[in-house]
Amino acid sequence: PTPPYLKWAESLHSLLDDQDGIHLFRTFLKQEDCGDMLDFWFACSGFRKLETSESQGEEKKLKLAKAIYKKYILDSNGIVSRQIKPATKSFIKDCVARLHIDPAMFDQAQTEIQTMMEENTYPLFLKSDIYLEYT
Amino acid sequence: IDSEDDLLQECISSAMPKKK
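Line by line, the protein sequences give chains Y and E.
Per our numbering, residue 649 is the first one in the first sequence, and the count goes up by one each step.
Per our numbering, residue 2 is the first one in the second sequence, and the count goes up by one each step.
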């Protein structure tokens, strides 16, 4: 069978589908001062998956949407905020301000961060000492 | 503030793949 670390080199999704892969990628991103990108990516996925049916679901969603907005998008010097297009940021800000909470409200921002990782940090990770030493 | 962080952490963990 193919060892997991070889699968990690196939695509970003293969890497993010494996706990050890995520751990190593996070260590690398932290070194590069962009660990927040990965946390944001997972936070967006988690937000989309939140159940509406659970009690207080809507209140929890609103709280979470605000927390994600505050931590990753509001601070314009943050690594995530700097990678997201101004129009996308305005859209999210507007959703939060109008209390218009939609499961897909972070999708565009997540895509922008994912593209950034696919084109930039992920290829760098595959060439990094941290990955090569692991293999 | 703590509970906001907890909520965020819980959300991030929920999106991670489960241990195989």
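Glycine included, every Cβ here is placed at the ideal spot set by N, Cα and C.
- Query: Which chain E residues are close to residue 757 of chain Y, counting only those with a beta carbon under 8 angstroms from its beta carbon?
  - Reply: Simply none; closest approach about 15 angstroms.
- Reference residue 715 of chain Y; option with closest CA among Y:741, Y:767, Y:775, Y:682: Ranking Y:741, Y:767, Y:775, Y:682 by CA distance to the CA of residue 715 of chain Y puts Y:741 first.
- Item | Neighbourhood of residue 696 of chain Y by C-beta, 6 angstroms cutoff - its chain only, sequence neighbours within 5 removed | Around residue 696 of chain Y: 751.
- Query: Is the CB of residue 712 of chain Y under 9 angstroms away from at least one CB in chain E?
  - Reply: Residue 712 of chain Y counts as touching chain E.
- What are the boundary residues of the alpha helix (DSSP H) that residue 742 of chain Y is part of? That run of the alpha helix (DSSP H) goes 734-745.
- Task: Give me the Cα-Cα distance between residue 739 of chain Y and residue 669 of chain Y, rounded to the nearest whole angstrom.
- Result: One C-alpha to the other measures close to 32 angstroms.
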